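J.:
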Amino acid sequence: MSRIRRFLILLLFGFLAHDPAAKAQPSADLWVSAYFAGWKQGPANDGSLPADDIDFTALTHIIHFSIVPNRDGTLDLASNNITEINSSRLVSLAHAAGKKVLISLGGWGSDVGFRGATDPSNLNSFVDRLMNFMTSRGYDGFDIDWEVLQDYDSQQYSRFVELLSTRCSAINPRPLMTAAVASQPTLIAALEKYFDQILIMTYDFSGAWPGWVTWHNSPIKDGGVQFPGTARTLPSVDKMADDFIAAGLPKQKLGIGIDFYGYVWSGGSGTPTIGASAPGQSWTTPPHVEANVPYFTIYKDYYRPEYYRWDTLAQAAYLSIHPSPDLADKFVSYDDEHTCRSKVEYAKSKGIGGDFIWELGGGYLPATFPERDRLLRAVKAATMGGQAPLRAPLLESPRDGTKITEADPVFRWHPVPGATSYLVQISSDAAFKSVTIRDSVISDTLARVRKLKSGSAFYWRVGASNRSTTSPFSNTWSFRMSK
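Numbering (the numbering used here), first residue to last: 1 to 483.
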């Protein structure tokens, strides 16, 4: 399910014209499906994310991505490494964990192949090949990802879905069918009885196009931000979900996307910070936008605690990088642990059936990092009704060993994803057996401290918390108040 230029779909189908969610298992009330790309698995389950490294207890379904239809109705298995070794290993591991495995069919740019394969002259043999492939490889169903699905595809798409469903109904137990969709809610609503899950691709919402501003890849809300010179708000998960619900689709069949990929906006001119470095900025010279950057690249190459921001109104994470006048500004929009938790909570509060992940390999950090699957862990914790652990804050100033001359110094630390409050402790002893200052600071990353004794040495540290969990304390730094 690749995802370049999704804006063209949204524009074509009126989205932008729309004016003013121990082995513990995910909650039975919320399903979590995850795409797993064959190119991440490698040609022989030997890639950057082998099937053996997937935590299947975090998921209810896994979707192997993907086989591609050829125009003559044959199947391309090679492009995405859907080899016999890969199928066998994934299916055996998932089944051992009690999870269903679907084979995905299609992806970005597959519409030409689908149109030929579902032509009346090829349709029956095409479906025969699909059924033989699914049963011979041991999969539990199909995910249909026809991209881009146009108005004029509705008849062929419908006939294909109906025939595939009929063939599946002849098997006991009946194989599952899901659909990945970014448009055509009315068509999908007319066919919803054939699908067990309908996965709304609620991402790829922005780009440096004329008439736009910098915007998040996949915000839950629009935050009230409007297109310049209009009363139209920018895209959001909530707005797209509402479009499909309004078409008559049952909420319990819908899933919204958690994107393990992000967008990196660089440079440009005419914004309040010269180049792109935050959401909602207009420009005079367009920024460069790098699409579909894996989370592991964002975290490895761009993330620093001081760059991290949380857009409370849009409910989206981003990095705001404004290093110096000599270096290009950057605005990095991505889903982090906080976003993962928020999207799970959104689905629950909206009454939507579940969430789906695009794509597991994008969120898998290199071996040099601890907690390589931290995004998946955050999803798992949220679906179980809990919270993933918060990281300890990183202190910023005053630096360790500083001599402070001001009477009421300000203490600063970097934000922690998912934290809603911070506990600041200042003590005259490094073990904090007696605490001179204890202050809970809500939704901020600084505290002004008064009445510290001049000439004395102190130690300080900070902890983070939210309504469900508390982080370890930061490292301890020392300072001395001057006389």
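Using N, Cα and C, we set each Cβ at its ideal position, and we do this for glycine too.
A quick note: this is a predicted structure, and the numbers were derived from the prediction, not measured.
(1) Whole-angstrom Cβ separation of ILE258 and LYS330, contact assumed at under 8 Å?
(2) Would you kindly work out how many angstroms separate the C-alpha atoms of MET177 and PHE356, rounded to a whole number?
(3) When we look at the beta-carbon of TYR152 and count the other beta-carbons within 10 Å, is it buried (16 or more) or exposed?
(4) Kindly list the residues whose CB is nearer than 6 Å to the CB of THR118, restricted to its own chain and excluding five residues on each side of it in sequence; keep chain order.
(5) To the nearest angstrom, how far is it from the Cα of GLN197 to the Cα of GLY255?
(6) For a test of the three-state rule: what should DSSP assign to LYS330, helix, strand or coil?
(7) When burial is assigned at 16 or more other CB atoms within 10 Å of the CB, is ILE352 buried or exposed?
(8) What's the gap between the Cα of ILE437 and the Cα of GLU406?
(9) Excluding sequence positions up to five away, which residues of its chain have a Cβ less than 6 Å from the Cβ of GLN252?
(10) So, are the CB atoms of PRO173 and LEU249 less than 8 Å apart?
(11) What residue from ILE63, GLY98 and SER282 has the CA that sits closest to GLU359's CA?
(12) Which of helix, strand or coil does DSSP assign to ASP259?
(13) So, helix, strand or coil for ILE188, using DSSP?
(14) Return the chain-ordered list of same chain residues with a C-beta closer than 6 Å to the C-beta of ILE144, the five sequence neighbours on each side being excluded.
(15) For LYS451, is the classification buried or exposed, using 16 other Cβ atoms within 10 angstroms of its Cβ as the cut-off for buried?
(16) Confirm, please, whether the CB-CB distance from TYR334 to GLY262 is below 8 Å.
(17) Just the C-alpha distance for SER183 and PHE479, rounded to the nearest angstrom, thanks.
(18) Taking all protein chains shown into account, do 16 or more other C-beta atoms lie within 10 angstroms of the C-beta of PHE369, making it buried, or fewer, making it exposed?
(19) Within this structure, are the beta carbons of ASN86 and GLY38 separated by less than 8 Å?
(20) Does DSSP classify PHE458 as helix, strand or coil?
(21) So what does DSSP say about SER440, is it helix, strand or coil?
(22) Give me the DSSP bridge partner(s) of ARG507.
(23) Do SER266 and VAL213 have their CB atoms nearer than 8 Å?
(24) Assuming LEU375 contacts GLU337 under a Cβ cut-off of 8 Å, what Cβ separation, rounded to an integer in Å, is found between them?
(25) Between the C-alpha atoms of PHE84 and ALA34, what's the straight-line distance to the nearest angstrom?
(26) Who are GLU290's beta bridge partners in DSSP?
(27) Could you give the DSSP three-state label for ASP384: helix, strand or coil?
(28) Just the C-alpha distance for PHE227 and ASP204, rounded to the nearest angstrom, thanks.
(29) Given this structure, state the Cα-to-Cα distance separating ASP400 from ILE54, to the nearest angstrom.
(30) Where SER27 and CYS340 are concerned, what is the direct C-alpha to C-alpha distance, given to the nearest angstrom?
(31) Using the DSSP secondary-structure output, state which residues sit across from ILE451 in a beta bridge.
(32) Just the Cα atoms here: how many angstroms apart are ASP408 and TYR299?
T.: Here's the rundown:
(1) 23 Å between Cβ atoms; not a contact.
(2) Spanning the two alpha carbons is a distance of roughly 15 Å.
(3) Exposed: under 16 other Cβ atoms inside 10 Å.
(4) Within the same chain, and ignoring the five residues on either side of THR118 in sequence, the residues whose Cβ sits closer than 6 Å to its Cβ are GLN156 and PHE160.
(5) Computed Cα separation, rounded: 7 Å.
(6) Three-state DSSP puts LYS330 in a strand.
(7) Its Cβ being crowded by 16 or more others within 10 Å, ILE352 is buried.
(8) So the two alpha carbons sit approximately 17 Å from each other.
(9) Around GLN252: GLY353.
(10) Cβ distance not < 8 Å, so PRO173 and LEU249 don't count as in contact.
(11) It is ILE63.
(12) DSSP places ASP259 in strand when its eight states are reduced to three.
(13) Look at ILE188 here: in three-state DSSP terms it is helix.
(14) Counting only Cβ-Cβ distances below 6 Å, and skipping sequence neighbours, we find LEU105 and ALA179.
(15) LYS451 is exposed by the Cβ-count criterion.
(16) Against a cut-off of 8 Å, the Cβ pair of TYR334 and GLY262 comes out as a contact.
(17) Distance between the alpha carbons of SER183 and PHE479: 58 Å.
(18) The residue is exposed, with fewer than 16 neighbouring Cβ atoms inside 10 Å.
(19) Against a cut-off of 8 Å, the Cβ pair of GLY38 and ASN86 comes out as a contact.
(20) In this structure, PHE458 counts as strand in the three-state DSSP scheme.
(21) Strand.
(22) Any property of residue 507 remains undetermined from this structure, which presents the chain solely from 1 to 483.
(23) Result no, Cβ atoms of SER266 and VAL213 do not sit closer than 8 Å.
(24) With 8 Å as the limit, LEU375 and GLU337 qualify as a contact, their Cβ atoms being about 6 Å apart.
(25) A quick correction: the sequence has Glu, not Phe, at residue 84. Distance from the CA atom of GLU84 to the CA atom of ALA34, rounded to whole angstroms, is 20 Å.
(26) The partner list for GLU290 (beta bridge, DSSP) reads VAL264.
(27) It should be pointed out that residue 384 corresponds to Met in this sequence rather than to Asp. In the structure shown, MET384 sits in coil (DSSP, three-state: anything other than H, G, I, E or B).
(28) About 17 Å.
(29) Spanning the alpha carbons of ASP400 and ILE54 requires a straight line of approximately 41 Å.
(30) Residue placement at SER27 cannot be trusted, given a pLDDT of 48 that sits under 50; what the coordinates show is reported in the next sentence. SER27 and CYS340 have their C-alpha atoms some 15 Å from each other.
(31) The residue you asked about is not Ile; residue 451 is Lys in the sequence shown. Paired residue(s): none; LYS451 is not in a bridge.
(32) Taking the straight line joining both Cα atoms gives about 36 Å.
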